[in-house]
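J.: I'd like to ask some things about the structure below.
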Amino acid sequence: MRLLRHHDDKIINRTFQLRHSSSLASTLQLQEPTYSRRMRVAITGKYFNKEEQRASGVLGSAIHKAFKTREPSCEILALSNTRTGDGLVPLDLINKDVVDAKFKEFRPNWIIHCAAERRPDVAEKDPEATRRLNAEVPAHLASLAKTLGSSIVYISTDYVFDGTSPPYTPSAQTNPLNLYGQTKRDGEETVLSIDGAKAVVLRVPVLYGPAPKNSDSAVNILLDVVQDQSGKQYKMDHYATRFPTNVEDIAGFLVRLTDLKKPIPPILHYSAAEPYTKYEMCLVFAKILGLPHKHIIPDAEAPTGASAVSRPKNTQLYTKETEDLGVEGGLGLSLFEEWWTAYLKK
1 MRLLRHHDDK IINRTFQLRH SSSLASTLQL QEPTYSRRMR VAITGKYFNK
51 EEQRASGVLG SAIHKAFKTR EPSCEILALS NTRTGDGLVP LDLINKDVVD
101 AKFKEFRPNW IIHCAAERRP DVAEKDPEAT RRLNAEVPAH LASLAKTLGS
151 SIVYISTDYV FDGTSPPYTP SAQTNPLNLY GQTKRDGEET VLSIDGAKAV
201 VLRVPVLYGP APKNSDSAVN ILLDVVQDQS GKQYKMDHYA TRFPTNVEDI
251 AGFLVRLTDL KKPIPPILHY SAAEPYTKYE MCLVFAKILG LPHKHIIPDA
301 EAPTGASAVS RPKNTQLYTK ETEDLGVEGG LGLSLFEEWW TAYLKK
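The sequence shown: position 324 = 324 (UniProt numbering), numbered continuously.
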């Protein structure tokens, strides 16, 4: 009883002081610890494939750059499993003990998890490693986020759908056609199944944007095809409809999303609205660069056999729920040809 009485007296004292001393209230506000106002964001993005000696992280790099514009009010932990410079911290996401130690030291308010094996062909070659990175790692990060009181955004894909009945709402039934889509769907389910975790799944389509190498993006690499004027012919997909989306747009949206002061749905869709086949993207690049494209042959036939499994026809993401959130600046989407025209003429 004595302890309770002492606690009550402290509450009464505190209430009296705040009600009767505006100067004291002002002082208390000024003396608020700086860490409560400085947001801490952990970003996983670059993941190095040791067998192929290559790193991919176009989206993670864009998100890192976007949050850096918030410094010094935002503290960033940008993670890579190799030491690649530009403020990146090496961390093997597969090593749970090391991950736990780093995150408990940093104590992020937000975790933006982009690291993944995104290439369907590579995923099929090493299913175990793909499942580990695409499903088990996000499950561990979501559990860790719950422990630390962090919010986590898990970047997923339109390939969790089979492409037979677009556009797909966030609540639409998933039915991935390939191992990549299956592991990302599994990652979604594990992240969202952790009771009490503040988790958001953000599904995005095929991505493009600034990249160290064109091969880091399934869209950027088409530039190499257009620019190859050696006489070699390329058969290019003119069957599957894609909705190429700029990584800088996604990054800017995520920065604004972390400022949102209302509940966020567990699954969000973010996608540009312009439909293109890969062949049509090549035509855009040829137009911008002023290059002939007769060496690129459109393939409009429906795929058969193994390729039919890996190529859903149209996985358009319905984004109205995301738009209705009222995030400042909306989705902020770039136009495909307009962005590439400006980028390639720099």
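We put the beta carbon where it would ideally sit given N, CA and C, even for glycine.
With 16 as the cutoff for other CB atoms within 10 Å, does residue 5 come out buried or exposed?
T.: Locating residue 5 in the sequence shown gives position 5, counting from the first residue. Residue placement at residue 5 cannot be trusted, given a pLDDT of 39 that sits under 50; what the coordinates show is reported in the next sentence. Counting Cβ neighbours within 10 Å, residue 5 comes out exposed, since fewer than 16 surround it.
J.: Taking C-alpha atoms, which residue in 118, 207 and 158 lies nearest to residue 334?
T.: Counting from one through the sequence shown, the residue named residue 334 turns up at place 334. Looking at the Cα atoms, 207 is the closest of the given residues.
J.: Measure how close the beta-carbons of residue 316 and residue 168 come, nearest whole angstrom, since I'm counting them as under 8 Å.
T.: Residue numbering aside, residue 316 sits at position 316 when the sequence shown is read from its first letter. Residue numbering aside, residue 168 sits at position 168 when the sequence shown is read from its first letter. The pair is a contact, with the Cβ atoms about 7 Å apart (cut-off 8 Å).
J.: Would the beta-carbon of residue 161 fall within 8 Å of that of residue 265?
T.: Position 161 of the sequence shown holds residue 161. Position 265 of the sequence shown holds residue 265. It is not a contact, given that the beta carbons lie outside the stated cut-off.
J.: Within 10 Å of its beta-carbon, does residue 18 have 16 or more other beta-carbons around it, so buried, or fewer, so exposed?
T.: In the sequence shown, residue 18 corresponds to position 18, counting from 1. The predicted model places residue 18 with a pLDDT of 33, which falls under 50 and marks its position as unreliable; any figure quoted below should be read in that light. Flag for residue 18 reads exposed.
J.: When the Cα of residue 358 is compared with those of 63, 120, 153 and 45, which residue comes out closest?
T.: Since the first residue of the chain shown is 1 and the last is 346, residue 358 is not available in this structure.
J.: Applying the 10 Å Cβ sphere with the 16-neighbour rule, what's the burial state of residue 329?
T.: By one-based count along the sequence shown, residue 329 stands at place 329. So residue 329 ends up on the exposed side.
J.: CA-CA distance, residue 94 and residue 260?
T.: Translated into the one-based positions of the sequence shown, residue 94 becomes position 94. Translated into the one-based positions of the sequence shown, residue 260 becomes position 260. Each residue's Cα considered, the two are about 31 Å apart.
J.: As a quick exercise: from 218, 38, 288 and 67, pick the residue whose alpha carbon is nearest that of residue 121.
T.: The count along the sequence shown starts at 1 and reaches residue 121 at position 121. Here the closest residue by C-alpha is 218.
J.: Between residue 92 and the rest of its own chain, which residues show a CB-CB distance below 7 Å, the 5 nearest in sequence each way excluded?
T.: Along the sequence shown, read from residue 1 onward, the residue named residue 92 stands at position 92. Closer than 7 Å at Cβ, skipping near neighbours: 81 and 98.
J.: Taking residue 270 and residue 319 to be in contact with their CB atoms under 8 Å, please state how far apart those CB atoms are, rounded to whole angstroms.
T.: Your numbering for residue 270 matches position 270 in the sequence shown. Your numbering for residue 319 matches position 319 in the sequence shown. About 6 Å separates the two Cβ atoms, so the contact holds.
J.: Shortest alpha-carbon distance to residue 133 belongs to which of 171, 170, 147 and 188?
T.: As a position in the sequence shown, residue 133 is number 133, starting the count at 1. Per the Cα distances, 188.
J.: To the nearest angstrom, how far is it from the Cα of residue 221 to the Cα of residue 215?
T.: For the purposes of this step, residue 221 is taken as residue 221 along the sequence shown, with counting starting at 1. For the purposes of this step, residue 215 is taken as residue 215 along the sequence shown, with counting starting at 1. Straight-line Cα distance between these residues: approximately 5 Å.
J.: With DSSP collapsed to three states, give me the class of residue 81.
T.: Counted from its first residue, the sequence shown places residue 81 at position 81. Three-state result, residue 81: coil.
J.: Ignore the nearest five residues each way along the sequence and tell me which others in residue 148's own chain have a CB closer than 8 Å to its CB.
T.: Taking the sequence shown and counting its residues from 1, one reaches residue 148 at position 148. Excluding sequence neighbours, residue 148 sits near 103, 104, 107 and 108.
J.: Following the continuous beta strand (DSSP E) through residue 199, name the residue where it begins and the one where it ends.
T.: For the purposes of this step, residue 199 is identified with residue 199 of the sequence shown, where counting begins at 1. Looking at the DSSP string, the run of the beta strand (DSSP E) that includes residue 199 is 198-204.
J.: I need the DSSP call for residue 177, collapsed to helix, strand or coil.
T.: Along the sequence shown, one-based indexing puts residue 177 at 177. The answer is coil: DSSP assigns residue 177 none of H, G, I, E or B.
J.: Any idea which residues DSSP pairs residue 298 with across the strands?
T.: Here residue 298 refers to the residue found at position 298 when the sequence shown is read from its first residue. Note: residue 298 sits in a beta bridge opposite 236.
J.: Just checking my contact of residue 293 with residue 226 at CB under 8 Å: how many whole Å lie between their CB atoms?
T.: For the purposes of this step, residue 293 is taken as the residue at position 293 of the sequence shown. For the purposes of this step, residue 226 is taken as the residue at position 226 of the sequence shown. Yes, residue 293 and residue 226 are in contact; Cβ-Cβ is about 6 Å, under 8 Å.
J.: When the Cα atoms are used, what is the spatial distance from residue 234 to residue 295?
T.: Numbered from 1 along the sequence shown, position 234 holds the residue referred to as residue 234. Numbered from 1 along the sequence shown, position 295 holds the residue referred to as residue 295. Each residue's alpha carbon lies about 6 Å from the other.
J.: Does the distance from the C-beta atom of residue 252 to that of residue 66 stay below 8 Å?
T.: Position 252 of the sequence shown, counted from the first residue, corresponds to residue 252. Position 66 of the sequence shown, counted from the first residue, corresponds to residue 66. Yes.
J.: Of the choices 302, 69, 305 and 118, whose alpha-carbon is the least far from that of residue 182?
T.: Residue mapping note: residue 182 aligns to position 182 of the sequence shown, counting from 1. Answer by Cα proximity: 118.
J.: Which of the three DSSP states, helix, strand or coil, is assigned to residue 74?
T.: What you label residue 74 is simply residue 74 of the sequence shown in a count that begins at 1. In the structure shown, residue 74 sits in a strand (DSSP, three-state: E or B).
J.: For the alpha helix (DSSP H) containing residue 289, name the first residue and the last one.
T.: As a position in the sequence shown, residue 289 is number 289, starting the count at 1. Unbroken alpha helix (DSSP H) run through residue 289: 278-289.
J.: Compare the beta carbon distance of residue 336 and residue 239 with 8 Å and say whether it is the shorter of the two.
T.: The residue given as residue 336 occupies position 336 in the sequence shown. The residue given as residue 239 occupies position 239 in the sequence shown. No, the pair does not count as a contact, with Cβ atoms beyond the cut-off.
J.: To the nearest angstrom, report how far apart residue 24 and residue 145 are at their CA atoms.
T.: Within the sequence shown, the letter at position 24 stands for residue 24. Within the sequence shown, the letter at position 145 stands for residue 145. Any reading at residue 24 needs caution, since the residue's pLDDT is 31, under 50, leaving its predicted position unreliable; the model's value is listed next. Each residue's Cα considered, the two are about 36 Å apart.
J.: Indicate the three-state DSSP secondary structure (helix, strand or coil) for residue 331 in the structure shown.
T.: Your numbering for residue 331 matches position 331 in the sequence shown. Three-state result, residue 331: coil.
J.: Rounded to a whole number of angstroms, what is the C-alpha to C-alpha distance between residue 116 and residue 136?
T.: As a working note, residue 116 is residue 116 in the sequence shown. As a working note, residue 136 is residue 136 in the sequence shown. Using only the alpha carbons, I get a separation of about 11 Å.
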